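Take the sequence shown: its letter number 16 is residue 15 in numbering that gives the first Met the number 0, and every next letter is one higher.
One structure is given here, and the rest of the page talks about it.
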Amino acid sequence: MLSQKTRYTIRAFQHLADHWGKGQVQLADIAEAQNIPPKFLTVILSEMAREGLLISQRGRDGGYQLALPPVDISYGDLVRLTRGSLALVPCAARNAHEQCKNCLPEIECRMRSLMLKVRDDTAAILDRITLADPIKMEPLFEKDEAAE
Numbered sequence: 000m001l002s003q004k005t006r007y008t009i010r011a012f013q014h015l016a017d018h019w020g021k022g023q024v025q026l027a028d029i030a031e032a033q034n035i036p037p038k039f040l041t042v043i044l045s046e047m048a049r050e051g052l053l054i055s056q057r058g059r060d061g062g063y064q065l066a067l068p069p070v071d072i073s074y075g076d077l078v079r080l081t082r083g084s085l086a087l088v089p090c091a092a093r094n095a096h097e098q099c100k101n102c103l104p105e106i107e108c109r110m111r112s113l114m115l116k117v118r119d120d121t122a123a124i125l126d127r128i129t130l131a132d133p134i135k136m137e138p139l140f141e142k143d144e145a146a147e
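Here you go:
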């Protein structure tokens, strides 16, 4: 699952991508629009500026803007930079790998093999989608037409 930090980072970057080419965006505006605690957002944006994805400007007219065009920043980049895990189970995580409790040895576990494929396919999708790509809002719950 994606960490809270990763989800906040994605939302902040989506907001900045929406304002691409319009100048600096103040931290307070991002925090309010995206419902992100300002102190946590300060930490996130500072880290992303150090990574070279943001330009930050101090002062009264300061704020943040993307350092690269939205088309050059993928969702996969953001997940990796925040060390978010795409693994659904601990044994499939790259950064925080743990053997699952009450499970078979990893070499024998078909569930782990499946979850590694899910993780890798998810990463490939996130690497293809950039901040410039339109994201269509989906209904909260998809109707299961087969059940009707």
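Each residue gets a CB set at the ideal place from its N, CA and C atoms; glycine is no exception.
These figures come from a predicted structure and were not determined experimentally.
Contact check, residue i vs residue j, beta carbons under 8 Å
i: L88; j: L125; result: In the sequence as presented, Leu is not what sits at residue 88; that position holds Val. In this structure, L125 does not lie closer than 8 Å to V88 by Cβ.
i: L40; j: Y7; result: yes
i: I29; j: A48; result: no
i: L15; j: Y63; result: yes
i: L85; j: A32; result: no
i: R118; j: C90; result: no
i: Q23; j: D60; result: yes
i: L26; j: L1; result: no
i: E107; j: L80; result: no
Per DSSP, the bridge partner or partners of residue i
i: Y63; result: V24 and S55
i: C84; result: What sits at residue 84 in the sequence shown is Ser, not Cys. In the DSSP output, where bridge partners are listed per residue, S84 has none listed.
i: S73; result: T129
Cβ neighbour criterion (16 or more within 10 Å) applied to residue i
i: L128; result: In the sequence as displayed, the identity of residue 128 is Ile instead of Leu. So I128 ends up on the exposed side.
i: S73; result: buried
i: P65; result: Reading off the sequence, residue 65 comes out as Leu, not Pro. Per the 10 Å Cβ criterion, buried.
Inset, instruction - With a floor of 4 residues, list each alpha helix (DSSP H) that falls wholly inside the segment 27 to 51, ordered by position along the chain. - result: Within the segment 27 to 51, the alpha helix (DSSP H) runs of at least 4 residues that lie entirely inside it are, in chain order, 37 to 49.
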